[in-house]
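K.L.:
Residue numbers (my numbering), protein chains in the order written: chain A, 890 to 1165; chain B, 737 to 990. By construction, the Cβ of each residue, glycine as well, lies at the ideal position given by its N, Cα and C atoms.
(1) Under the DSSP definition of a beta bridge, which residues are partnered with residue 938 of chain B?
(2) Please state if the CB of residue 952 of chain A and the CB of residue 964 of chain A are separated by a distance shorter than 8 angstroms.
(3) Shortest alpha-carbon distance to residue 738 of chain B belongs to which of B/902, B/879 and B/870?
(4) Answer yes if the stretch 886–893 of chain B comes into contact with the stretch 905–925 of chain B, meaning at least three C-beta pairs across the two stretches below 8 angstroms, and no otherwise.
(5) Got a sec: which bits of the stretch 1039–1051 of chain A sit with their beta carbon under 7 angstroms from any beta carbon on chain B, in order along the chain?
(6) So, at 6 angstroms on beta carbons, what are the nonlocal neighbours of residue 961 of chain B in its own chain, with the 5 sequence-adjacent residues on each side left out?
(7) Beta carbons nearer than 8 angstroms to chain B: which residues of the stretch 931–945 of chain A have them?
(8) DSSP three-state label for residue 895 of chain B, please.
(9) Below 8 angstroms between beta carbons: does that hold for residue 1098 of chain A and residue 914 of chain A?
(10) Please tell me whether residue 1064 of chain A has its Cβ less than 8 angstroms away from any Cβ of chain B.
(11) Go to residue 971 of chain A, then tell me how far its beta strand (DSSP E) extends in each direction, as first and last residue.
(12) In chain A, which residues lie less than 7 angstroms from residue 839 of chain B when you measure between Cβ atoms?
(13) How big is the Cα-Cα spacing for residue 1143 of chain A and residue 1154 of chain A?
(14) Tell me, please, whether the CB atom of residue 1060 of chain A is closer than 8 angstroms to any CB atom in chain B?
(15) Below 7 angstroms on C-beta distance, what does residue 1111 of chain A contact in chain B?
(16) When you compare only the Cα positions, how much space is there between residue 1063 of chain A and residue 978 of chain A?
(17) What's the C-alpha gap between residue 922 of chain A and residue 972 of chain A?
(18) Which class does residue 967 of chain B belong to by DSSP, given the choice of helix, strand or coil?
(19) Is the beta carbon of residue 1111 of chain A sitting closer than 8 angstroms to the one on residue 879 of chain B?
(20) How close, in whole Å, do the beta carbons of residue 764 of chain B and residue 741 of chain B come, if the pair is a contact with beta carbons under 8 angstroms?
(21) What residues of chain A sit near residue 850 of chain B, judged by a beta carbon separation below 8 angstroms?
(22) Counting only beta-carbon atoms, is residue 816 of chain B nearer than 8 angstroms to chain A?
(23) If you run the structure through DSSP and keep just helix, strand and coil, what is residue 752 of chain B?
(24) Count the other C-beta atoms from every protein chain shown that fall within 10 angstroms of the C-beta of residue 959 of chain A, then say buried if there are 16 or more, exposed otherwise.
(25) Pull the bridge partners of residue 821 of chain B from the DSSP assignment, please.
(26) Compare the C-beta of residue 976 of chain A with all C-beta atoms of chain B and state if any pair is closer than 8 angstroms.
(27) How many angstroms separate the CA atom of residue 844 of chain B from the CA atom of residue 863 of chain B?
(28) Less than 8 angstroms between the CB atoms is what I'm expecting for residue 1082 of chain A and residue 1036 of chain A, so what's the real figure, rounded?
(29) Relative to the alpha-carbon of residue 1021 of chain A, which residue among A/948, A/927 and A/1085 has its alpha-carbon at the smallest distance?
(30) Using a Cβ-Cβ cut-off of 8 angstroms, state whether residue 1053 of chain A counts as contacting chain B.
(31) Taking DSSP's pairing of strands, which residues face residue 1156 of chain A in a bridge?
(32) For residue 739 of chain B, which three-state DSSP category applies?
(33) The beta strand (DSSP E) with residue 677 of chain B in it runs from where to where?
(34) Under 6 angstroms Cβ to Cβ from residue 822 of chain B, same chain only, skipping five residues before and after it: list those, please.
(35) Residue 1004 of chain A: which of A/994, A/1121, A/1017 and A/986 sits nearest, CA to CA?
(36) With 8 angstroms set as the bound, which would you pick, yes or no: does the beta-carbon of residue 790 of chain B sit closer than that to a beta-carbon of chain A?
And the structure:
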C-alpha cells in the first residue's frame, strides 16, 4: 500500500513539465558524457575534465560581473579555456597533473573572489557547485540535443580513427591522421559537454558524468564498440534511475544521479571480478 | 622496369636542437627489400619517422609513388593507404578494451569519415585472411592487452597486411619473435616483395639477416656512410666506417 502511494507520487511528479525537462536533460547529458567519457578515460583526460568543470565557475562569475546570462558566457569560455589549457599542456615541460592543478585551483579562487562582489549571487553558490537539474529550460534541452547529435556524428563517423588514436598515435600519423586536429575537435566537444552540463549538475560533479559510466562500461566490455555504446547507455540509465530516486526520496537530483552512477560502477566491479 | 616507390632527396631532420639525420638521399624500387643499419642513435628511427611524416623535416624532399610528402606530413589519402608501418616500440595500454580483430581491422582501407559498419563483411574477411597469413587466427577474439610480445608483433604484421600496400616500413620488426616465427616472418616478406611487388624498408641490427634476406643496405650514422648490395655495404671497410674498427674485429672473430 505504502509502495503504491509512493509510486503514484513519483508518477505524478514526472507529469510536471520541469521534472520532464530534468529527466530529458539528464538522459541527454548522460549519453553525451558516456560517449565522450569512453575516450576521455582511455586518453587519461579525466583530470582535465575535472579541472575544466571547476574552472567553468570563473566563466559563470565573469558572466555575472558583466551582467550577462551565464549560460551564454559559459560555453565560449569553456571552449577557449580548454583550447588554451590544451596548448599549454603541449608546449610546457611541466607535468600534466601539476599544470592542471595550478589552473583549476587558481581559476576557482578568482571565481570565488569575483562572486563575492556580485551581490545577487552571494546566496546561490550552492546551485553553481552542485547544479540544479530542475531548473533546466527548453533552450538548454535544445542545445543539449544539438550537441548530442554533433557528438554522435563525430564519434560515429570517425570511430576507427579515434580507436587508432587511442591505441597508438604514431600508427595514426603514419596513416595520415592529423592528430592535433582530432585532439582539438575532441577537446572542444568535451568542453561544450562539460559547459552545457554544469547548469544541471554543477561544477563539482560534472566530471562524474564523463568518468564513472565509462569506467563501469570498461569493466563490462571486451570490444571497443560495445564499450562506447555501453558507456552511453549506462550514462542514460543512471540519469533515469537517479531522477526516480531523487523524486521518490526527495533528494537533490544531481547528487542522486552521481550516487546511482557509483552504484552501477560498484555492480560492474562485482560482475567483472566474477567473470574472471 | 621496376617502379620507384620511395625517393628521398637531401633529407635533414632535427631532433630538438641537434641534427639527427643530415643530407640523406636514396630511392626504393618496387619488389625490393632494403635494410637500414647503423649504431644506436645513428638516426635510423628518425629517418623512418620523417619519411612517414611523424617527424617534421628541416630540409630535403620525400616522394612516395611520385607524389611529394608535404613538409607538414600531408600525403594524398589514396597514397597513404599504400604505406604500412610497424613501429619499434608498441606499448599498448593493457586496459584498452579492444580485440585483435578490431585492431587488425583498423588497418583496412582508408580512415576518415565513414560509419564503422561500412564494408564490414569485406573488412572481416580481410582480417581473417591477414591473421591466417601470420599464423595468428587463434588470437582473433583475444584482447590486445593480453598478448605476449611475439603475439603483438604478429598482430601488428596482420594490421599491415590486411590491405594491399606498395611500401612496408618496419622498425626492428622481428624483435620478440621466436626462431620459428622469425623464419616465417622473413618468408612472408619474401613473398610480399616477390609475388606482390611490395617495397620493404626495414631497420635492423642483425647483420647476418641483412646479408641473407636484403637486396640493398643503407649504412646510416647521421649521414649515409654507404649504400649498395649487402656484399658492398657490409664489407669490413664499410662497417669500420660505420661502427668503428674494434666492432669489425669483434664481429669477424665471432
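P.N.:
By the coordinates alone:
(1) Here residue 938 of chain B refers to the residue found at position 202 when the second chain is read from its first residue. According to DSSP, which records beta bridges pairwise, residue 938 of chain B is partnered with B/771 and B/906.
(2) On the first chain, residue 964 of chain A is found 75 positions in, with the first residue counted as 1. On the first chain, residue 952 of chain A is found 63 positions in, with the first residue counted as 1. Taking 8 angstroms as the cut-off, the Cβ atoms of residue 964 of chain A and residue 952 of chain A do not count as close.
(3) What you label residue 738 of chain B is simply residue 2 of the second chain in a count that begins at 1. For residue 738 of chain B, the nearest C-alpha among the options comes from B/902.
(4) For the pair of segments examined, the stretch 905–925 of chain B was found to touch the stretch 886–893 of chain B: the number of CB pairs separated by less than 8 angstroms reaches three.
(5) So the list reads 1045, 1046, 1047, 1048, 1049 and 1050, given in the order they occur along the chain.
(6) Residue 961 of chain B sits at position 225 when you count from the first residue of the second chain. Taken in chain order, the residues that qualify are 955, 977 and 978.
(7) Answer set for the stretch 931–945 of chain A: 931.
(8) For this step, residue 895 of chain B is matched to residue 159 along the second chain. Here residue 895 of chain B sits in helix by DSSP.
(9) Translated into positions along the first chain, residue 1098 of chain A becomes position 209. Translated into positions along the first chain, residue 914 of chain A becomes position 25. The answer is no: Cβ separation not under 8 angstroms.
(10) Your numbering for residue 1064 of chain A matches position 175 in the first chain. Yes, residue 1064 of chain A lies at the interface with chain B (some Cβ there is under 8 angstroms from its Cβ).
(11) As a first step, residue 971 of chain A is located in the first chain; it is residue number 82 there, counting from the start. DSSP places residue 971 of chain A outside any beta strand (DSSP E); the residue lies instead in the alpha helix (DSSP H), whose first and last residues are 959–980.
(12) Taking the second chain and counting its residues from 1, the one referred to as residue 839 of chain B is at position 103. Going along chain A in sequence order, the residues near residue 839 of chain B (Cβ under 7 angstroms) are 1056.
(13) Start at 1 with the first residue of the first chain, and residue 1143 of chain A comes out as number 254. Start at 1 with the first residue of the first chain, and residue 1154 of chain A comes out as number 265. In this structure, the alpha-carbon of residue 1143 of chain A lies about 17 angstroms from that of residue 1154 of chain A.
(14) The residue given as residue 1060 of chain A occupies position 171 in the first chain. With respect to chain B, the C-beta atom of residue 1060 of chain A has a partner C-beta closer than 8 angstroms.
(15) As a first step, residue 1111 of chain A must be located in the first chain, where it is residue number 222. Neighbours of residue 1111 of chain A on chain B, chain order: 833, 835 and 879.
(16) Against the first chain, residue 1063 of chain A aligns to sequence position 174. Against the first chain, residue 978 of chain A aligns to sequence position 89. Spanning the two alpha carbons is a distance of roughly 23 angstroms.
(17) By 1-based counting over the first chain, the position of residue 922 of chain A is 33. By 1-based counting over the first chain, the position of residue 972 of chain A is 83. Rounded to whole angstroms, residue 922 of chain A and residue 972 of chain A show a C-alpha spacing of 19 angstroms.
(18) The residue you call residue 967 of chain B lines up with position 231 of the second chain. If DSSP states are grouped into helix, strand and coil, residue 967 of chain B belongs with the helices.
(19) Working through the first chain from its first residue, we reach residue 1111 of chain A at position 222. Working through the second chain from its first residue, we reach residue 879 of chain B at position 143. Remark: C-beta atoms of residue 1111 of chain A and residue 879 of chain B approach each other more closely than 8 angstroms.
(20) Locating residue 764 of chain B in the second chain gives position 28, where the first residue counts as 1. Locating residue 741 of chain B in the second chain gives position 5, where the first residue counts as 1. Confirmed, about 5 angstroms.
(21) Counting from 1 along the second chain, the entry for residue 850 of chain B is found at position 114. Simply 1046 and 1049.
(22) Locating residue 816 of chain B in the second chain gives position 80, where the first residue counts as 1. Among the CB atoms of chain A, one or more fall inside 8 angstroms of the CB of residue 816 of chain B.
(23) Mapped onto the second chain, residue 752 of chain B falls at position 16. In the structure shown, the three-state DSSP call for residue 752 of chain B is coil.
(24) Counted from its first residue, the first chain places residue 959 of chain A at position 70. Counting of Cβ neighbours within 10 angstroms places residue 959 of chain A among the buried residues, the total reaching 16 or more.
(25) The residue you call residue 821 of chain B lines up with position 85 of the second chain. Residue 821 of chain B has B/905 as its beta-bridge partners, per DSSP.
(26) Stepping through the first chain from its first residue, residue 976 of chain A is reached at position 87. At a cut-off of 8 angstroms between C-beta atoms, residue 976 of chain A does not count as an interface residue with respect to chain B.
(27) Indexing the second chain from 1 puts residue 844 of chain B at position 108. Indexing the second chain from 1 puts residue 863 of chain B at position 127. Going from the Cα of residue 844 of chain B to the Cα of residue 863 of chain B covers about 8 angstroms.
(28) The residue given as residue 1082 of chain A occupies position 193 in the first chain. The residue given as residue 1036 of chain A occupies position 147 in the first chain. Residue 1036 of chain A and residue 1082 of chain A do touch by the CB rule: their CB atoms are close to 6 angstroms apart, below 8 angstroms.
(29) Taking the first residue of the first chain as position 1, residue 1021 of chain A is located at position 132. For residue 1021 of chain A, the closest C-alpha among the options A/948, A/927 and A/1085 is that of A/1085.
(30) For the purposes of this step, residue 1053 of chain A is identified with residue 164 of the first chain, where counting begins at 1. When Cβ-Cβ separations below 8 angstroms define contact, residue 1053 of chain A makes contact with chain B.
(31) One-based indexing of the first chain puts residue 1156 of chain A at position 267. In DSSP, residue 1156 of chain A forms no bridge with anything.
(32) Along the second chain, read from residue 1 onward, the residue named residue 739 of chain B stands at position 3. If DSSP states are grouped into helix, strand and coil, residue 739 of chain B belongs with coil.
(33) Residue 677 of chain B is absent from the structure shown; chain B starts at 737 and stops at 990.
(34) Translated into the one-based positions of the second chain, residue 822 of chain B becomes position 86. Cβ neighbours of residue 822 of chain B beyond the five flanking positions: 892, 896, 906 and 909.
(35) On the first chain, position 115 is the one that residue 1004 of chain A refers to. Distance check between residue 1004 of chain A and each of A/994, A/1121, A/1017 and A/986 places A/1017 closest, using alpha-carbon atoms only.
(36) Locating residue 790 of chain B in the second chain gives position 54, counting from the first residue. Between residue 790 of chain B and chain A, the shortest Cβ-Cβ separation is below 8 angstroms.
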